[in-house]
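Each remark here refers to the structure printed beneath this line.
Protein chains: 2
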Amino acid sequence: MHRKKLQNNKYTPIEDPKPLYQQVKSHVLQHIQNGDWEIHGRIPSEHELVATLSMSRMTIHRALRELTQEGILKRVQGLGTFVAAPKQMATTLSLPNIEEYVTSRGNRYSCTVQFHQTDPVTPEDALKLGLKEGADIYRSYLIHKENNLPIMLEDRYTLPDRVPDYINQDFTKILVDSFFAARCPFINHDHQLSVQMSTQEIHHFMELDHPTPCLHLYQRTWSGDKLLSAAKFLYPGGHFALSC
Amino acid sequence: MHRKKLQNNKYTPIEDPKPLYQQVKSHVLQHIQNGDWEIHGRIPSEHELVATLSMSRMTIHRALRELTQEGILKRVQGLGTFVAAPKQMATTLSLPNIEEYVTSRGNRYSCTVQFHQTDPVTPEDALKLGLKEGADIYRSYLIHKENNLPIMLEDRYTLPDRVPDYINQDFTKILVDSFFAARCPFINHDHQLSVQMSTQEIHHFMELDHPTPCLHLYQRTWSGDKLLSAAKFLYPGGHFALSC
DNA sequence: TAGTGGTCTAGACCACCCG
DNA sequence: GGGTGGTCTAGACCACTAG
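Residue numbers (this note's numbering), protein chains in the order written: chain A, 2 to 245; chain B, 2 to 245.
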């Protein structure tokens, strides 16, 4: 590249604290927030922004592409760039892991293990998990505690295939999720949420003395499309702060 | 640019169905899934991939940058690029909107409005919502139904400031969230989840005849950092399929 | 046909980390 | 000082949409 052009290079990080493409993103967001650019309205083309802001097209493009990925803009080839309507049609909840939840409130987290053993798959579990009856499966039954008081019960079934050493872990020390995350790529979950009244079993392990409504979360853990584990979480009468 | 270089341009979409940067992303994901590149392990540098795959650095960089944004990789300037450990430390739930939820099960959605009026802010609401006592606030009390049976109760308080025409809307026709989304940019929510037993009021409006545990979702809606609305959702004994 | 966004390249400068 | 990633540019080709 010629020296002349190097001198014209706009990348001068000493004076500009933020990268140019970030400045473009802020610029666009500002116009949207101000109401200058309305929802569903067309915003200037890449070419126009190149001229207005005196930047290269790749820089402008990166800013607009990222805003598109973030759902702020909507781009149509041959047509233009538009302000997207926020489509918060699905409410997303973020449930912190249990240890973080307890310690974030300044309390002490602990966990006791009631069972941690190899069982044969029962007929109903074979059906639910798509396994064959009688095969070996790991079952863990954990009581999570806040300042030594039970707050959550975890009843988990884990397939030996991918994590044969699961059964040798000490889950009073680390969370099951951390164990999976540390050795399996592409972890994902699906969930089912419901409410139920406490049972005798729950009364016993959670140290309850009267019927209590419980939040019931059923969570399956996958590595790619391979089922790793299925867990039932029970939070008696719980309250939960969730984000976003 | 010289003609020679144009002939060497690798962008030949007729033969390559996917863009090059997508191919690079797939290439990297494949190596991770195969186990060639382990969790926390270093992967080839941009320079090496440029040589191996015969592409420009910008193309390689875009692929690696996007994988980093997606949480698959971790990049450190001066050090290299590494396979990130899946950090699914927070469970994220996605709750579909009520109409979608009902219709996705092949049932008929409807909604009846019990209240939809302007009220003065009570002392306790003033405290909870950070408003001044006695000011005007919109209150809506909606019963959402599946095949004409009540499945969810919505008790909502809305600040007039940003959406003065809220009170003229017919929420038997559109969802409140859709109304907000259509006219306010940067919509976000926070939530609090809990369980509670049904009250007399709930029995009446939800047509229940005995005490039932209910899922209780408290949701505040913001546009940027400006509070728009706060709603209480009650799902008696509900079951919910949630994603991711 | 003109304008728009989608992709790609070659080359450059910078900031950072290490031995 | 050599290698790494982070950014930016000028210019090019392509695919799509519209009048």
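Beta carbons: idealized from backbone N, C-alpha and C, even for Gly. None of these values were measured; they are calculated from a predicted model.
**OP:** List the residues of chain A whose Cβ lies closer than 9 Å to the Cβ of residue 72(B), in chain order.
**Re:** Simply none; closest approach about 11 Å.
Subject >> Neighbourhood of residue 85(A) by C-beta, 7 Å cutoff - its chain only, sequence neighbours within 5 removed >> reply: Excluding sequence positions up to five before and after residue 85(A), its CB lies within less than 7 Å of the CB of 72, 73, 74 and 75, all in the same chain and listed in chain order.
Subject >> Any C-beta of chain B under 7 Å from that of residue 56(A) >> reply: Not one chain B Cβ lies under 7 Å of residue 56(A).
Original post:
Does DSSP put residue 138(A) in a helix, a strand or coil?
Top reply: In the structure shown, residue 138(A) sits in a strand (DSSP, three-state: E or B).
**OP:** Check the Cβ of residue 96(A) against every Cβ in chain B and list those closer than 9 Å, keeping chain order.
**Re:** The contacting residues are 91, 92, 93, 94 and 194.
Original post:
Quick one: does residue 33(B) have its CB under 7 Å from some CB of chain A?
Top reply: By this cut-off, residue 33(B) is an interface position.
**OP:** Classify residue 52(B) as helix, strand or coil using the three-state DSSP reduction.
**Re:** DSSP places residue 52(B) in helix when its eight states are reduced to three.
Original post:
How long is the line joining the alpha carbons of residue 99(A) and residue 207(A), rounded to whole angstroms?
Top reply: Whole-angstrom Cα-Cα distance: 16 Å.
Subject >> N-terminal and C-terminal residue of the beta strand (DSSP E) that residue 233(A) is part of >> reply: Its beta strand (DSSP E) spans residues 227-237.
Original post:
In this structure, does DSSP put residue 208(A) in helix, strand or coil?
Top reply: Of the three classes helix, strand and coil, the one that applies to residue 208(A) here is coil, per DSSP.
Original post:
Ordered along the chain, which non-local residues of its own chain (more than five positions away) have a Cβ less than 7 Å from that of residue 163(B)?
Top reply: Excluding residues within five positions, the ones whose Cβ falls inside 7 Å are 185, 224, 227 and 229.
Original post:
Does the beta carbon of residue 1(B) come closer than 7 Å to any beta carbon on chain A?
Top reply: Beyond the ends of chain B as shown, which are 2 and 245, falls residue 1(B); an answer cannot be given.
**OP:** Using a Cβ-Cβ cut-off of 7 Å, state whether residue 18(A) counts as contacting chain B.
**Re:** Under the Cβ distance rule, residue 18(A) does not count among the residues neighbouring chain B, no pair being separated by less than 7 Å.
Original post:
Under a CB-based cut-off of 7 Å, is residue 186(B) close to chain A?
Top reply: The beta carbon of residue 186(B) falls within 7 Å of a beta carbon belonging to chain A, placing the residue at that interface.
**OP:** Would you be able to state if there are at least three C-beta pairs under 8 Å between the stretch 194-201 of chain A and the stretch 18-25 of chain B?
**Re:** Result no; under three Cβ-Cβ pairs closer than 8 Å.
Subject >> Pairwise C-alpha distance: residue 52(A) and residue 245(B) >> reply: Interpretation of residue 245(B) is limited by its pLDDT of 45, a score under 50 that renders its predicted location unreliable; the figure taken from the coordinates is listed afterwards. Taking the CA atoms as reference points, residue 245(B) sits about 43 Å from residue 52(A).
Original post:
Which value, in whole angstroms, describes the spacing of the CA atoms of residue 116(B) and residue 122(B)?
Top reply: Residue 116(B) and residue 122(B) have their alpha carbons spaced roughly 16 Å apart.
**OP:** Taking residue 86(B) as the query, report the chain A residues whose CB atoms sit under 7 Å from its CB, ordered along the chain.
**Re:** At a C-beta separation below 7 Å, residue 86(B) has these neighbours in chain A: 182 and 183.
Subject >> Partner residues on chain A for residue 216(B), Cβ-Cβ distance less than 8 Å >> reply: By Cβ distance, chain A contributes 194, 195, 196 and 216.
Original post:
Considering only C-alpha positions, which residue in the set 42(B), 81(B), 39(B) and 41(B) is nearest to residue 49(B)?
Top reply: For the residues 42(B), 81(B), 39(B) and 41(B), the minimum Cα distance to residue 49(B) belongs to 81(B).
Original post:
In chain order, which continuous runs of the beta strand (DSSP E) of length 3 or greater are located wholly inside the stretch 127-190 of chain B?
Top reply: Those beta strand (DSSP E) runs which fall completely within the stretch 127-190 of chain B and span 3+ residues are 137-147 and 150-159.
Subject >> Alpha carbon of residue 113(A) to alpha carbon of residue 145(A), nearest angstrom >> reply: Cα-Cα distance, rounded: 7 Å.
Subject >> Span separating the alpha-carbon of residue 59(B) from that of residue 47(B) >> reply: Residue 59(B) and residue 47(B): Cα-Cα distance of roughly 9 Å.
Original post:
Given that a residue counts as buried once 16 or more other Cβ atoms are within 10 Å of its Cβ, and exposed if not, what is residue 137(B)?
Top reply: Label assigned to residue 137(B): exposed.
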